[in-house]
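A short write-up of the structure that comes next.
Protein chains: 2
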Amino acid sequence: MLTIEPMSGYDMKKFSEQSLAHFWHESYGNLYPRLKRLAGAGLIRGRRESRTRAPDAIVYSLTSAGREAFLEWLDEAPEPERPRSELVLKMFFGAHSSRDRLARLMDERRRDLEETRDRYAEIEAMLREGLEDRPEVPFWLITLRRGQLLTEARLRWCEECATWLDRPRAEPPR
Amino acid sequence: MLTIEPMSGYDMKKFSEQSLAHFWHESYGNLYPRLKRLAGAGLIRGRRESRTRAPDAIVYSLTSAGREAFLEWLDEAPEPERPRSELVLKMFFGAHSSRDRLARLMDERRRDLEETRDRYAEIEAMLREGLEDRPEVPFWLITLRRGQLLTEARLRWCEECATWLDRPRAEPPR
DNA sequence: GTGTGCTATATCGTTACGATATAGCACACG
DNA sequence: CGTGTGCTATATCGTAACGATATAGCACAC
Chain A
16 MLTIEPMSGY DMKKFSEQSL AHFWHESYGN LYPRLKRLAG AGLIRGRRES RTRAPDAIVY
76 SLTSAGREAF LEWLDEAPEP ERPRSELVLK MFFGAHSSRD RLARLMDERR RDLEETRDRY
136 AEIEAMLREG LEDRPEVPFW LITLRRGQLL TEARLRWCEE CATWLDRPRA EPPR
Chain B
16 MLTIEPMSGY DMKKFSEQSL AHFWHESYGN LYPRLKRLAG AGLIRGRRES RTRAPDAIVY
76 SLTSAGREAF LEWLDEAPEP ERPRSELVLK MFFGAHSSRD RLARLMDERR RDLEETRDRY
136 AEIEAMLREG LEDRPEVPFW LITLRRGQLL TEARLRWCEE CATWLDRPRA EPPR
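Sequences listed follow chains A and B, in order. Counting in our numbering, the first sequence runs from 16 upward without gaps. Counting in our numbering, the second sequence runs from 16 upward without gaps.
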């Protein structure tokens with residue numbers, strides 16, 4: 016995140032919630048200790064800054080060693096994902112529940128996904144409307160595109176589940 | 016998993032790799048301590064059994080209290096997912112890398128996804144071919160269906176990325 | 001008899017987590 | 001002027017979870 020601009024830990028948490036949330040979750044319990052470690056290793060440097068209408072913040076920026084380490088990281092093979100979807104787990108074991116209860120769970124999920132879809136549309140509009148010509152923007156759009164594709168797929172699954180739960184027939188074909 | 020049949024920790028690890036992997040990751044470091052805790056709480060019961068061509072295993076089964084707890088869990092609102100996709104993170108910050116390197120990362124991912132798709136097809140065939148008439152099978156098929164929809168969406172994203180990385184044009188539309 | 005490969009349990013050291021405590025700042029409102 | 005509210009900001013505690021690996025039984029091959 017510091018390649019975008021210098022930030023505090025708090026800024027990073029907000030940024031990750033707004034821009035990375037759909038493929039990367041971050042927490043204070045990870046963030047703050049990590050910032051200390053990175054600063055100790057000389058990869059980032061923190062400076063106390065006073066801010067209007069807020070308490071002082073420690074604003075970090077990349078050192079040249081940090082930028083180098085970042086570029087190396089970019090090139091490494093990504094860690095495999097470790098998914099944990101409790102909702103799907105509950106569907107998997109759904110034979111022990113009732114169709115009504117499952118339908119309710121799926122419906123709540125569907126509503127979340129629809130909200131997500133709408134928010135994506137707003138973000139896309141924002142990114143496309145100029146927003147200066149930062150070289151990063153195309154990359155942000157392409158990851159947004161992934162979010163949109165996945166959200167559509169998940170919504171479709173919710174709908175198929177709802178249909179199926181409504182009348183116990185054969186499974187959706189492939 | 017113990018609602019399906021009594022199992023050892025080792026069995027559960029294998030089962031989760033074969034059947035839950037695409038929405039639930041499990042590890043020994045979580046599994047074994049948890050089994051001890053659950054047994055201590057009286058929710059499961061473990062019995063030492065000797066097995067052919069293998070060392071003894073502690074085979075666990077649900078107690079009635081355990082089954083009750085399981086049914087309660089099924090009914091609770093699922094925990095939100097906490098995604099962590101390093102690949103997408105690297106795409107997001109891809110402006111600092113080269114198109115070649117990114118294309119290589121995406122290509123590796125694409126191959127994995129194609130393998131996944133093929134394995135899904137095999138599993139689906141297996142599940143549809145009779146496999147007794149366990150009441151769980153439709154639920155297993157519907158979660159499999161989710162895996163298929165998501166895999167298709169991910170593959171499509173890989174292809175769009177590859178196309179885009181090849182010639183720097185405008186972003187894929189929506 | 002020694003090697004290979006699968007089965008099986010267990011734990012170590014580290015990391016990560018959610019939740020929450022603490023507190024600064026600015027403005028609203030009466 | 002005082003008090004409340006809400007956002008900003010850092011920090012940490014206790015617990016959970018992690019990957020990796022150690023240990024070892026069993027069976028069969030060669």
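Glycine included, C-beta positions come from ideal geometry on N, C-alpha and C. Every value quoted in this text rests on a predicted model; they were computed, and no experiment measured them.
G162(A), DSSP secondary structure in three states: G162(A) falls in the helix class under three-state DSSP.
What did DSSP end up calling L142(B) once you bin it into helix, strand or coil? Secondary structure at L142(B): helix, using DSSP grouped into helix, strand and coil.
Quick check on K28(A) - is its C-beta less than 7 Å from some C-beta in chain B? K28(A) does not count as touching chain B.
Any idea what DSSP makes of I59(A), helix, strand or coil? DSSP places I59(A) in strand when its eight states are reduced to three.
At least three beta-carbon pairs within less than 8 Å, the region 123-137 of chain B to the region 116-127 of chain A: Verdict: no, contact absent.
For my contact list, L86(A) and L180(A) are in at a C-beta cut-off of 8 Å; report their separation, rounded to the angstrom. Not confirmed; about 49 Å, so no contact.
Any beta carbon of chain A sitting closer than 7 Å to that of E83(B)? In terms of beta-carbon proximity, E83(B) stays away from the interface with chain A, with every pair separated by 7 Å or more.
Evaluate M141(B) with the Cβ neighbour count: other Cβ atoms within 10 Å of its Cβ, from every protein chain shown; 16 or more gives buried, anything less gives exposed. The residue in question, M141(B), is exposed, as its Cβ has fewer than 16 Cβ neighbours within 10 Å.
So, for Q163(B): in the same chain, excluding its five sequence neighbours on each side, which residues have a beta-carbon less than 6 Å away from its beta-carbon? Contacts found: Y135.
In three-state terms, what does DSSP make of M106(B)? Three-state DSSP puts M106(B) in a helix.
Bridge partners for L50(A) per DSSP, in chain order? Per DSSP, none; premise fails for L50(A).
When burial is assigned at 16 or more other CB atoms within 10 Å of the CB, is E97(B) buried or exposed? Residue identity check: residue 97(B) is Arg in the sequence provided, not Glu. Under this definition R97(B) is an exposed residue.
Look up R19(A) in the DSSP assignment and say whether it is helix, strand or coil. Note that residue 19(A) corresponds to Ile in the displayed sequence, not to Arg. In the three-state scheme derived from DSSP, where H, G and I count as helix and E and B as strand, I19(A) is classed as coil.
Mind checking whether A168(B) and A36(A) have CB atoms under 7 Å apart? Result no, Cβ atoms of A168(B) and A36(A) do not sit closer than 7 Å.
Which of the three DSSP states, helix, strand or coil, is assigned to M134(B)? What sits at residue 134(B) in the sequence shown is Arg, not Met. R134(B): helix per DSSP, three-state reduction.
So, is I59(B) buried or exposed, given that buried needs 16 or more other C-beta atoms within 10 angstroms? By the 16-neighbour rule on beta-carbons within 10 angstroms, I59(B) is buried.
Whole-angstrom distance between S76(B) and L17(B), CA atom to CA atom: Their Cα atoms are separated by approximately 6 Å.
Beta-bridge partners of L77(A), as assigned by DSSP: I59(A).
Endpoints, alpha helix (DSSP H) assigned at D26(A): Bounds of the alpha helix (DSSP H) holding D26(A) are G24 to F30.
Whole-number beta carbon distance between G24(A) and L46(A), since they are thought to touch under 8 Å: Right, the Cβ-Cβ distance comes to about 5 Å (below 8 Å), so this counts as a contact.
F154(B) and F107(A) - do their beta-carbons sit closer together than 7 Å? Yes; because the gap between Cβ atoms is below 7 Å, this pair is in contact.
In angstroms with no decimal places, state the Cα-to-Cα distance between L89(A) and G57(B). Their backbone Cα atoms lie some 48 Å apart in a straight line.
Roughly how many whole angstroms lie between the Cα atoms of D190(A) and T78(A)? Because chain A here runs from 16 to 189, residue 190(A) falls outside it and cannot be looked at.
Does the CB of T131(A) have a neighbour CB from chain B at under 7 Å? Among the residues facing chain B, T131(A) is not included, as its CB has no counterpart in that chain under 7 Å away.
Give the straight-line distance between the Cα atoms of E20(A) and S42(B), rounded to the nearest whole angstrom. Roughly 37 Å between the two C-alpha positions.
Quick check on this structure: which residue in L159(B), T166(B), I157(B) and R114(B) has the alpha carbon closest to the alpha carbon of T178(B)? The candidate whose alpha carbon is nearest that of T178(B) is R114(B).
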